[in-house]
Amino acid sequence: MAALVAGTPWMRIRVIPEFAPPFIFRRHFRRNFSVRASIDSDAPVRVRFAPSPTGNLHVGGARTALFNYLFARSKGGKFVLRIEDTDLERSTRESEEAVLRDLAWLGLDWDEGPGVGGDYGPYRQSERNAMYKQYAEKLLESGHVYRCFCSNEELEKMKEIAELKKLPPVYSGKWATAADGEVEEELAKGTPYTYRFRVPKEGSLKINDLIRGEVSWKLDTLGDFVIMRSNGQPVYNFCVTVDDATMAISHVIRAEEHLPNTLRQALIYKALGFPMPSFAHVSLILAPDRSKLSKRHGATSVGQYRDMGYLPQAMVNYLALLGWGDGTENEFFTIDQLVEKFSIGRVNKSGAVFDSTKLRWMNGQHLRAIPFEELSQLIGERWKSTGLLTESEGPFVEDAVQLLKDGIDLVTDSDTALSSLLSYPVHATLTSPEGRPIVEDKLSEVSAHLLAAYDSGELFGALEEGLAGWQKWVKGFGKTLKRKGKSLFMPLRVLLTGKLHGPDMGSSVILIYKAGNHGIVSPQAGFVTLKERFGILRQLDWEALNQDHPALESAATISN
-8 MAALVAGTPW
2 MRIRVIPEFA
12 PPFIFRRHFR
22 RNFSVRASID
32 SDAPVRVRFA
42 PSPTGNLHVG
52 GARTALFNYL
62 FARSKGGKFV
72 LRIEDTDLER
82 STRESEEAVL
92 RDLAWLGLDW
102 DEGPGVGGDY
112 GPYRQSERNA
122 MYKQYAEKLL
132 ESGHVYRCFC
142 SNEELEKMKE
152 IAELKKLPPV
162 YSGKWATAAD
172 GEVEEELAKG
182 TPYTYRFRVP
192 KEGSLKINDL
202 IRGEVSWKLD
212 TLGDFVIMRS
222 NGQPVYNFCV
232 TVDDATMAIS
242 HVIRAEEHLP
252 NTLRQALIYK
262 ALGFPMPSFA
272 HVSLILAPDR
282 SKLSKRHGAT
292 SVGQYRDMGY
302 LPQAMVNYLA
312 LLGWGDGTEN
322 EFFTIDQLVE
332 KFSIGRVNKS
342 GAVFDSTKLR
352 WMNGQHLRAI
362 PFEELSQLIG
372 ERWKSTGLLT
382 ESEGPFVEDA
392 VQLLKDGIDL
402 VTDSDTALSS
412 LLSYPVHATL
422 TSPEGRPIVE
432 DKLSEVSAHL
442 LAAYDSGELF
452 GALEEGLAGW
462 QKWVKGFGKT
472 LKRKGKSLFM
482 PLRVLLTGKL
492 HGPDMGSSVI
502 LIYKAGNHGI
512 VSPQAGFVTL
522 KERFGILRQL
532 DWEALNQDHP
542 ALESAATISN
């Protein structure tokens, strides 16, 4: 079989006649055949991701790009990026740049395409119009395509008649058998025309989808379809077929919504004598309610998740698991591990539900897997950029990251975590329902002894010695009050941090103490120093707090 690109017969179409005469396209021909494909396993693997630059990169598109990337890398093949910008009204260069930026952020570097080049360019459909016209003319000459002069009104009338007869809205074929004289007459009048592809009226098309298995279509449901509009612009299915063939694409891995397009594309492959690639149609990504994931379900674009503080390695890991698994219980993968493990045969054909809670959890796993020095730099720069700290590195930053990292799933969570540590909502805590039992457990006595330890310099002396000094002081403080365990630590936590819950209390108090001494916290951060906290404790009206009055606020909200 002839192939446009020499040396790339990676898949050949085998025509199986359902009647004795072989299937041959002519001006007038018998329309009856089925098509099967067989893969040449020795051919080089070449896949493509072909986004339309009409908006942001959707997570579904990102997963399709990822599966193409992983398949290419696992097979030692090429990952091609092609921009399908034939929708002139909606396509913008800004959207194209955003898509390229998002793919680069995910680490999905392409071997050929915009900004990289390659031997099969141009890589934007808008720059390939001359090629489309060339192949359209070739189909016209061979009789696979004919000129259709039907007006929009005529076409609408055909649809109405089909609806009345409860038939598929297919083209009636008015110009399929027109005499040459009729065509020449319309051309002479300058009547606008489209190019329509002749579709066999009987038979079927069968493909072996790598994910879905055998898929077939009856040809009598299609009708002759347009490949070139009257304004000279090519139609999507024609562009895609010509592009995939002339770029020697061996495997087309795309969303299942493109599955119906395969019928038209396969017919065009055969008519032009192109070898047909192998197809793999990936299931849709679903929302929790199992509808198609859309903007009404929240963030859906890669850029949105990047801005929310998600890590690219976490997004890649999570997207890979939407419909794929390596057969084990493992869910944590680096991109190199995904390349090693990925197999198109393990991609599930059923829809995958996008779970934002699991994505957040997975991001936390990847965040905490980052080497501590890198993590400290990442979060330190974040704290400085958001105005919480005046410096992005140093002992305080490292100690704060070490203390708070287990409660951080997103980089942006670090702002809340540090702000919570620096704040002192003691009034709200003490007047909440959750704080009531602690107040009633003679908290005023604990406060009095704590103030005495502060006034004597005993507490700050212990904090100067670090965690060992704190632990020694707490032990002695508990003996003095004859308290231990929860009855000791819960009152201390409330009095020193202003909260009922949080990270390790000793490390928290030491860090608060250091923050007050180092001047690293920005004035606008809302930081309450230990000295200021003891001043607040002196002013508390314990008699009023011990009275039974309505709660002002939930301490659970404060502590979180």
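Following our numbering, the numbering of the sequence shown begins with -8 at its first residue and continues without gaps. Cβ coordinates follow ideal geometry from the N, Cα and C atoms, glycine included. Bear in mind that the values here come from a model prediction, so they are computed numbers and not experimental data.
Residues bridged to residue i (per DSSP)
i      : result
Thr185 : Cys139
Val344 : Leu277
Ile198 : Val206
Glu248 : In DSSP, Glu248 forms no bridge with anything.
Phe70  : Val38
Gly452 : None, per the DSSP bridge assignment.
His242 : Val38 and Ser269
Ser292 : His49
Lys192 : BP columns for Lys192 are empty, so no partner.
Arg115 : Ile74
Lys283 : Leu277
Glu151 : BP columns for Glu151 are empty, so no partner.
Trp315 : Val338
Pro225 : Met219
Cβ-Cβ distance between residue i and residue j below 7 Å
i      : j      : result
Ala89  : Asn59  : no
Leu313 : Ala343 : yes
Arg281 : Trp315 : no
Leu329 : Ala311 : yes
Ile399 : Leu201 : no
Gly264 : Asp215 : no
Gly497 : Leu458 : yes
Leu486 : Ser438 : yes
Ala56  : Leu99  : yes
Pro159 : Thr237 : no
Val273 : Ala246 : yes
Thr232 : Tyr260 : yes
Gln116 : Glu80  : no
Arg39  : Ile361 : no
Asn199 : Asn228 : no
Ser221 : Thr182 : no
Thr381 : Asp406 : no
Pro105 : Tyr111 : no
Gly469 : Lys475 : yes
Arg37  : Gly67  : no
Phe333 : Leu97  : no
Ile511 : Phe387 : yes
Trp533 : Ser435 : yes
Leu412 : Gly300 : no
Closest Cα partner of residue i within the set the options
i      : options                           : result
Asn308 : Ala53, Ser43 and Leu277           : Ala53
Ser65  : Leu394, Arg73 and Pro35           : Pro35
Val519 : Lys396, Gly507 and Thr182         : Gly507
Ile429 : Phe468, Ser478 and Glu456         : Ser478
Asp432 : Leu254, Phe480, Gly452 and Pro105 : Phe480
Gln125 : Glu144, Leu91, Gln224 and Ala516  : Gln224
Leu131 : Pro183, Ala121, Ile218 and Asp235 : Ile218
Glu193 : Leu155, Val512 and Trp208         : Trp208
Ile503 : Asn252, Asp78 and Asp390          : Asp390
Met122 : Ser410, Gly452, Leu409 and Asp234 : Asp234
Val417 : Leu483, Glu436 and Thr325         : Leu483
Lys340 : Ser133, Arg203, Gln304 and Phe323 : Arg203
Asp346 : Phe363, Ile276, Glu331 and Ser411 : Ile276
Start and end residues, beta strand (DSSP E) containing residue i
i      : result
Met219 : Phe216 to Met219
Arg39  : Arg37 to Phe40
Leu536 : It is not in any beta strand (DSSP E) - Leu536 instead sits in the alpha helix (DSSP H) that spans Trp533 to Leu536.
For residue j and residue i, believed in contact at Cβ under 8 Å, the rounded distance
i      : j      : result
Arg138 : Trp166 : 7 Å
Ser269 : His242 : 5 Å
Asp102 : Val71  : 7 Å
Leu536 : Leu421 : 6 Å
Phe525 : Leu442 : 6 Å
Leu302 : Leu210 : With a Cβ gap of about 48 Å, Leu302 and Leu210 do not count as contacting.
Ser383 : Glu365 : Between Glu365 and Ser383 the Cβ distance is about 13 Å, and since that is not below 8 Å, they are no contact.
Gly517 : Ser423 : About 20 Å; that fails the 8 Å criterion.
Span of the alpha helix (DSSP H) around residue i
i      : result
Val417 : Val417 to Leu421
Arg92  : Arg84 to Leu97
Gly467 : Leu458 to Leu472
Met170 : The displayed chain sequence assigns Ala, not Met, to residue 170. Taken as a continuous stretch (DSSP letters only), Ala170 belongs to no alpha helix (DSSP H), as it is neither H nor E.
Trp374 : Phe363 to Ser376
Ile501 : Met496 to His509
Ala516 : Counting along the chain, Ala516 falls outside any alpha helix (DSSP H), and DSSP gives it neither H nor E.
Arg484 : Lys477 to Thr488
Leu401 : Here Leu401 belongs to no alpha helix (DSSP H), and DSSP marks it neither H nor E.
Met122 : Asn120 to Ser133
Glu331 : Ile326 to Lys332
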